[in-house]
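Contents: one structure, followed by commentary.
Protein chains: 4
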Amino acid sequence: MFIYYKIMRFKDEAKQDAIIKATVKLVNQIGFASSSVSKIAKQANVSPATIYIYYQNKEDLLVSTYVDIKQKLSEAILKDFDDTQPIKDILRGFWFNAFDFISSYSDNFQYTEQFANSPYSSLVDKKEVEKYFEPMIEIIQRGKEQKILKDVPFDILQIFIFYPIMILANPRLCANFDCTEKNIEIAFNMAWDAIRA
Amino acid sequence: MFIYYKIMRFKDEAKQDAIIKATVKLVNQIGFASSSVSKIAKQANVSPATIYIYYQNKEDLLVSTYVDIKQKLSEAILKDFDDTQPIKDILRGFWFNAFDFISSYSDNFQYTEQFANSPYSSLVDKKEVEKYFEPMIEIIQRGKEQKILKDVPFDILQIFIFYPIMILANPRLCANFDCTEKNIEIAFNMAWDAIRA
Amino acid sequence: MFIYYKIMRFKDEAKQDAIIKATVKLVNQIGFASSSVSKIAKQANVSPATIYIYYQNKEDLLVSTYVDIKQKLSEAILKDFDDTQPIKDILRGFWFNAFDFISSYSDNFQYTEQFANSPYSSLVDKKEVEKYFEPMIEIIQRGKEQKILKDVPFDILQIFIFYPIMILANPRLCANFDCTEKNIEIAFNMAWDAIRA
Amino acid sequence: MFIYYKIMRFKDEAKQDAIIKATVKLVNQIGFASSSVSKIAKQANVSPATIYIYYQNKEDLLVSTYVDIKQKLSEAILKDFDDTQPIKDILRGFWFNAFDFISSYSDNFQYTEQFANSPYSSLVDKKEVEKYFEPMIEIIQRGKEQKILKDVPFDILQIFIFYPIMILANPRLCANFDCTEKNIEIAFNMAWDAIRA
DNA sequence: GATGAATGAGTGTTCATTCAT
DNA sequence: CATGAATGAACACTCATTCAT
Numbered sequence: 001m002f003i004y005y006k007i008m009r010f011k012d013e014a015k016q017d018a019i020i021k022a023t024v025k026l027v028n029q030i031g032f033a034s035s036s037v038s039k040i041a042k043q044a045n046v047s048p049a050t051i052y053i054y055y056q057n058k059e060d061l062l063v064s065t066y067v068d069i070k071q072k073l074s075e076a077i078l079k080d081f082d083d084t085q086p087i088k089d090i091l092r093g094f095w096f097n098a099f100d101f102i103s104s105y106s107d108n109f110q111y112t113e114q115f116a117n118s119p120y121s122s123l124v125d126k127k128e129v130e131k132y133f134e135p136m137i138e139i140i141q142r143g144k145e146q147k148i149l150k151d152v153p154f155d156i157l158q159i160f161i162f163y164p165i166m167i168l169a170n171p172r173l174c175a176n177f178d179c180t181e182k183n184i185e186i187a188f189n190m191a192w193d194a195i196r197a
Numbered sequence: 198m199f200i201y202y203k204i205m206r207f208k209d210e211a212k213q214d215a216i217i218k219a220t221v222k223l224v225n226q227i228g229f230a231s232s233s234v235s236k237i238a239k240q241a242n243v244s245p246a247t248i249y250i251y252y253q254n255k256e257d258l259l260v261s262t263y264v265d266i267k268q269k270l271s272e273a274i275l276k277d278f279d280d281t282q283p284i285k286d287i288l289r290g291f292w293f294n295a296f297d298f299i300s301s302y303s304d305n306f307q308y309t310e311q312f313a314n315s316p317y318s319s320l321v322d323k324k325e326v327e328k329y330f331e332p333m334i335e336i337i338q339r340g341k342e343q344k345i346l347k348d349v350p351f352d353i354l355q356i357f358i359f360y361p362i363m364i365l366a367n368p369r370l371c372a373n374f375d376c377t378e379k380n381i382e383i384a385f386n387m388a389w390d391a392i393r394a
Numbered sequence: 395m396f397i398y399y400k401i402m403r404f405k406d407e408a409k410q411d412a413i414i415k416a417t418v419k420l421v422n423q424i425g426f427a428s429s430s431v432s433k434i435a436k437q438a439n440v441s442p443a444t445i446y447i448y449y450q451n452k453e454d455l456l457v458s459t460y461v462d463i464k465q466k467l468s469e470a471i472l473k474d475f476d477d478t479q480p481i482k483d484i485l486r487g488f489w490f491n492a493f494d495f496i497s498s499y500s501d502n503f504q505y506t507e508q509f510a511n512s513p514y515s516s517l518v519d520k521k522e523v524e525k526y527f528e529p530m531i532e533i534i535q536r537g538k539e540q541k542i543l544k545d546v547p548f549d550i551l552q553i554f555i556f557y558p559i560m561i562l563a564n565p566r567l568c569a570n571f572d573c574t575e576k577n578i579e580i581a582f583n584m585a586w587d588a589i590r591a
Numbered sequence: 592m593f594i595y596y597k598i599m600r601f602k603d604e605a606k607q608d609a610i611i612k613a614t615v616k617l618v619n620q621i622g623f624a625s626s627s628v629s630k631i632a633k634q635a636n637v638s639p640a641t642i643y644i645y646y647q648n649k650e651d652l653l654v655s656t657y658v659d660i661k662q663k664l665s666e667a668i669l670k671d672f673d674d675t676q677p678i679k680d681i682l683r684g685f686w687f688n689a690f691d692f693i694s695s696y697s698d699n700f701q702y703t704e705q706f707a708n709s710p711y712s713s714l715v716d717k718k719e720v721e722k723y724f725e726p727m728i729e730i731i732q733r734g735k736e737q738k739i740l741k742d743v744p745f746d747i748l749q750i751f752i753f754y755p756i757m758i759l760a761n762p763r764l765c766a767n768f769d770c771t772e773k774n775i776e777i778a779f780n781m782a783w784d785a786i787r788a
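These protein sequences, in sequence, are chains H, A, X and C. Going letter by letter, the first sequence gives residues 1 to 197 in my numbering. Going letter by letter, the second sequence gives residues 198 to 394 in my numbering. Going letter by letter, the third sequence gives residues 395 to 591 in my numbering. Going letter by letter, the fourth sequence gives residues 592 to 788 in my numbering.
Structure below.
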């Protein structure tokens with residue numbers, strides 16, 4: 001009986017994965033408005049009813065998918081994070097990691113952008129998402145304290161070091177930008193010029 | 198009196214205005230997904246059918262509203278534009294004008310952000326919208342030629358001089374940023390550091 | 395004042411004609427269900443409101459159009475009607491006249507067929523329509539009395555002498571029938587075989 | 592029990608039947624034009640959405656219903672069909688069978704007549720419907736070959752042997768005809784006079 | 001007489017969700 | 001756990017009709 005309980009608890013991860021993938025794909029293609037549960041179900045090759053086994057309702061599906069991707073993004077950015085390096089190198093590492101993630105999973109990234117700019121964003125537990133990005137925040141904080149970065153409000157620093165790469169890598173906003181490594185390096189140096197003390 | 202006889206009933210501009218305002222308000226409040234035509238109509242105090250006198254369909258309404266706002270934004274940014282000033286001053290002018298517009302009409306601005314990050318954006322005639330922003334583009338171009346700005350791809354320059362202010366002023370993305378004139382000036386100087394040669 | 399009254403009374407016949415033609419054309423093309431007043435108005439190059447000057451409502455428009463065509467059909471059938479000819483010749487005359495009308499105005503005819511088979515038909519003042527066809531009815535009656543035609547219920551005679559030609563000439567029911575004069579003559583002789591004593 | 596677990600919920604034939612019946616009844620009462628999906632649903636005691644489980648759209652519902660009835664009509668006409676009887680007897684059998692069907696299911700029959708005279712008729716796969724009536728067509732063909740029937744185009748024969756009964760039995764077209772067995776026999780003999788060699 | 005703007009009520013269809021299996 | 005049938009409510013959109021001009 002006890003074992004049975006555990007078996008039931010672990011839902012089919014492959015199925016859940018298919019649902020998330022279908023959600024991202026469909027929302028990017030046709031938007032939140034037209035992405036119905038049954039269309040997502042069809043795309044994921046499951047029954048609409050099955051989705052309600054994994055998520056409470058449509059809202060839960062969309063929000064969970066967002067948080068899921070944000071977590072993966074934070075993990076990607078923190079790859080090879082070495083606390084002992086100089087701050088500039090650490091930030092360059094973040095910058096290139098972010099670029100890699102966005103390029104490799106542009107679908108996932110586009111989903112988060114659309115989500116963040118929609119009223120759905122108010123449903124997210126922001127504290128939870130921020131937690132994923134804490135190490136990055138600490139680095140900026142440290143840079144400020146060590147007077148390596150400008151002594152300006154935190155939000156402004158954050159915007160200059162994180163957003164430009166997101167916009168550059170977003171094909172919806174920057175359709176014809178040439179995403180070569182060289183250009184990414186150029187852009188990073190400009191961001192660095194903006195924030196360095 | 199004779200002429201009067203020949204006059205037909207004309208479209209009512211106040212009505213069209215109410216429809217646009219209702220669209221922006223509702224889309225910001227509940228998102229594209231939930232903003233149905235009938236809800237917009239109710240908000241605008243007209244019949245759903247009336248909307249179809251002014252717009253071919255829902256898509257047309259949403260796209261037209263977007264283009265409309267973009268035009269107004271461009272006009273706002275170009276206010277007091279003086280071609281003879283130094284480039285830095287011109288850009289600071291743009292920056293503060295943009296900030297004023299976004300602050301005053303944050304609803305309108307938020308609408309465009311949500312729109313630009315949705316699949317609807319692919320329906321816009323991009324050439325037409327770019328036309329509104331031509332003078333700004335020319336200034337950047339001139340800055341590059343005169344070696345006042347860095348010699349880097351155009352898109353990168355554009356991102357650093359236009360996007361940070363948009364993100365800062367967007368309460369959805371930057372909820373707790375303190376939008377004082379001083380902070381805006383600080384941010385401008387950082388953007389300038391990023392792009393200046 | 396009196397003259398003015400008369401001027402107003404005579405509505406623009408060209409306009410009314412355009413409305414009827416548009417009605418017939420549209421109803422044949424897309425059916426009663428989809429033939430809206432505004433579509434008919436557009437086809438007739440008038441405003442929807444104009445239609446309500448000539449007809450009380452949509453129903454009135456459809457019924458009037460039906461009666462109008464029926465009257466024209468009866469007139470066509472009675473062309474060159476010569477009471478003194480032998481009955482067979484008179485009926486052949488009817489038969490060929492009907493065929494000519496249906497061929498020349500197949501749109502109009504198709505409209506009446508669709509109309510007669512729809513519940514709209516119950517709205518027609520049948521007595522009025524029958525009046526148009528009285529001479530034909532009298533001929534059949536006379537044929538019965540003179541024992542030239544079979545002594546069977548009137549409706550049966552009528553069906554054999556009037557309907558076959560209508561079905562043959564109706565492209566909706568008889569798409570690939572070859573409407574040569576010879577075939578029409580053959581069909582008439584068969585009808586005559588059916589009804590002659 | 593194990594098998595039971597795997598059984599899914601199946602489509603309910605009673606429900607589909609109710610939908611068809613409701614469609615026929617309503618279309619006869621108020622016509623194609625006014626027979627909306629929601630009215631049909633109400634008449635059938637199901638939700639409008641349920642209809643879309645059984646049919647792709649309204650058109651599919653109407654066309655399927657038509658084809659369905661046509662098939663039943665053909666089966667009814669072919670009841671007790673005995674290939675070895677004389678052709679006249681076979682045709683009389685068809686004639687009376689058709690009359691029986693039309694009398695018993697006059698609603699169904701009226702539906703097909705209204706349908707055939709509407710633009711919907713162009714949506715039917717005519718080949719498929721003709722297949723149902725093949726045996727009847729073969730008999731006429733045989734009658735022609737054996738010189739029992741007149742040597743005239745096939746369509747003309749068909750019209751005289753099949754349509755008069757349909758018109759006689761159609762209350763919409765022949766409101767006050769007295770449908771006694773005797774009158775039907777009279778009419779058949781007239782049809783026979785028309786087609787026999 | 002003639003118009004096009006305006007509308008409440010309706011259209012065909014899809015929605016998010018539930019439920020028996 | 002997983003399903004497809006089922007649905008009331010909502011969707012985008014069009015309707016017949018009216019009205020000020």
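From the three backbone atoms N, C-alpha and C, an ideal C-beta is built for every residue, glycine too. Quick caveat, the model's predicted, so the values are computed rather than measured.
Interface flag, residue i vs chain X, CB-CB below 7 Å
i	result
A785/C	yes
P726/C	no
A778/C	yes
G734/C	no
A624/C	yes
CB contact below 7 Å: residue i versus chain A
i	result
P119/H	yes
C174/H	yes
F177/H	yes
For residue j and residue i, believed in contact at Cβ under 8 Å, the rounded distance
i	j	result
T641/C	K606/C	7 Å
S665/C	Y723/C	4 Å
D501/X	V418/X	5 Å
Cα-Cα separation between residue i and residue j, rounded to whole angstroms
i	j	result
K239/A	I102/H	40 Å
S318/A	S713/C	40 Å
Y702/C	N619/C	6 Å
V715/C	I364/A	58 Å
N170/H	D280/A	32 Å
S428/X	T377/A	60 Å
K218/A	Q56/H	34 Å
K663/C	K576/X	36 Å
A635/C	D608/C	9 Å
Proximity test, Cβ basis, 7 Å: residue i and chain H
i	result
V234/A	no
E310/A	yes
F398/A	Residue coverage of chain A in this structure runs from 198 to 394, which leaves residue 398/A outside it and unanswerable.
F306/A	no
Cut-off 6 Å between Cβ atoms - residues of its own chain near residue i, not counting five sequence neighbours on either side
i	result
I401/X	Its pLDDT being 41, under 50, I401/X is placed unreliably in this model, and the coordinates cannot settle the point.
W95/H	I165, F188
Residue i at chain C interface by Cβ criterion, 7 Å
i	result
E575/X	no
M402/X	Its pLDDT being 43, under 50, M402/X is placed unreliably by the model, and nothing is read from it.
G487/X	no
A435/X	no
F495/X	no
Own chain, CB closer than 8 Å to residue i, minus 5 neighbours either side, in chain order
i	result
L543/X	I481, I534, G537, L551, I589, R590, A591
C371/A	I364, L365
K190/H	The sequence shown places Met at residue 190/H, not Lys. Excluding residues within five positions, the ones whose Cβ falls inside 8 Å are P164.
Nonlocal neighbours in the same chain, by C-beta distance under 7 Å from residue i, ignoring five residues either side
i	result
V37/H	P48, I51, K58
Counting only Cβ-Cβ distances shorter than 7 Å, please list the residues of the segment 642 to 668 of chain C near chain X, keeping chain order.
none
Report the residues of the segment 145 to 168 of chain H with a CB closer than 8 Å to any CB of chain A, ordered along the chain.
K150, V152, P153, D155, I156, I159, F160, Y163, P164, I167, L168
Using a Cβ-Cβ cut-off of less than 8 Å, give me the residues of the segment 609 to 620 of chain C that come near chain X, in sequence order.
N619, Q620
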